[in-house]
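In the numbering used here, the protein residues as written are 1 to 339. Just so it is clear, CB atoms sit at the ideal spot from N, CA and C, and this is done for glycine as well. Everything below concerns the one structure shown next.
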């Protein structure tokens, strides 16, 4: 990152940035938080008191990071609700000693539970930005300015967001002495949402294409199996027709068998996915915690299960039509003489 604490202070200048209301620089890292025999991975964020204003932080117990914590480089921590629950359960965490990456910190606050959303607070621990810099980061520019990973900015009003974006870019370009491309990015919350939506759309299209190809291949496989079944049961078809079975009876029989085959496969797949989801959640959760990026687990939705079974049945129906028509059109005499 090329951003510094001095950049954040410059953005508060009412003369050059009148559209900026509050600024919250931050230092991001990850680590292991330990209390007694309990431990968890979490994202560590060094923040200033203004972070609570910019990010609309709601404190459930205790207090958030305050100016005294920053000024004195205190080893204090504010826990997200999920971290507090993991480490302390129903016990009150306030004023307890925890270890963050081997160093002792005092818990001074716990955030309200807002859920593990994309822009919310999952497994996170907040410490004074001065403490984060001196204890964990220690990164400086060549001019001795403390480097930060990001600067969150709150515009004065909803209507002044675009103006604030331009003012921020102008100040940073001037401070960084940029003459060509920016060595920083200025993104609004709307920009981030649009980026997430674009990534989600691409991912959905990709997965949809893969699923479509899989269904096509699976349907061809089912059709081949049914064609083999029709060939092997030619005499059976001839006997049924000789005993009075009509074309629609033979047609319905083989279509039903194809639908039953694919639906059974769909049920087995759903049962396997349901059985494996706890293990998947455990693995994904452990990886996310080690990286400091909490990940929501897999959730079983009945609507999705019904849709999956419906698609399986439709694939069976479409795959079984040709073999069923072939069986229904057989002449009983030819079928009975088939060897």
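* To do: State the CB to CB distance for the pair residue 65 and residue 126, rounded to an integer number of angstroms; the pair is presumed to be in contact (CB under 8 Å).
  => 6 Å
| query | Using the rule of at least 16 other Cβ atoms within 10 Å of the residue's Cβ for burial, across every protein chain shown, is residue 190 buried or exposed? | reply | exposed
Quiz item: Which full runs of the alpha helix (DSSP H) of 4+ residues lie inside the segment 35-73, going along the chain?
Solution: Entirely contained in the segment 35-73, the alpha helix (DSSP H) runs reaching 4 residues are, in chain order, 51-54 and 67-71.
Environment of residue 226 [buried if 16+ CB atoms lie within 10 Å]
buried
Helix, strand or coil: how does DSSP classify residue 11 here? coil
Nearest to residue 77 (by Cα), restricted to the options 48, 185, 87 and 109: With distances taken between Cα atoms, residue 77 lies closest to 109.
One or two residues paired with residue 30 in a DSSP bridge
43
By the 10 Å Cβ neighbour count, where 16 or more other Cβ atoms means buried, how is residue 275 classified, buried or exposed? exposed
Given 8 Å, three or more beta-carbon pairs between the segment 1-11 and the segment 168-187: yes
Practice task
Can you give me the start and stop residues for the beta strand (DSSP E) that residue 154 sits inside?
Solution key: 150-155
Should residue 43 be labelled buried (16 or more other beta-carbon atoms within 10 Å of its own) or exposed?
-> It is buried - the Cβ of residue 43 has at least 16 other Cβ atoms within 10 Å.
| query | In terms of residues, what are the limits of the alpha helix (DSSP H) holding residue 218? | reply | From DSSP, the alpha helix (DSSP H) with residue 218 extends over 189-232.
- Message: Judging by CA-CA distance, which residue of 184, 203, 308 and 124 is the nearest neighbour of residue 80?
- Response: 124
(message) Spatial neighbours of residue 46 within its chain, please: C-beta separation below 7 Å, excluding the five flanking residues on both sides.
(response) Within its own chain, the residues whose Cβ lies closer than 7 Å to the Cβ of residue 46, once the five positions on either side in sequence are excluded, are 26, 27, 127, 128, 129, 131, 132 and 133, listed in chain order.
Using 7 Å as the threshold, is the C-beta distance between residue 237 and residue 330 below it? yes
**Asked** How big is the Cα-Cα spacing for residue 101 and residue 48?
**Response** 21 Å
Cα-Cα separation, residue 31 to residue 87: 14 Å
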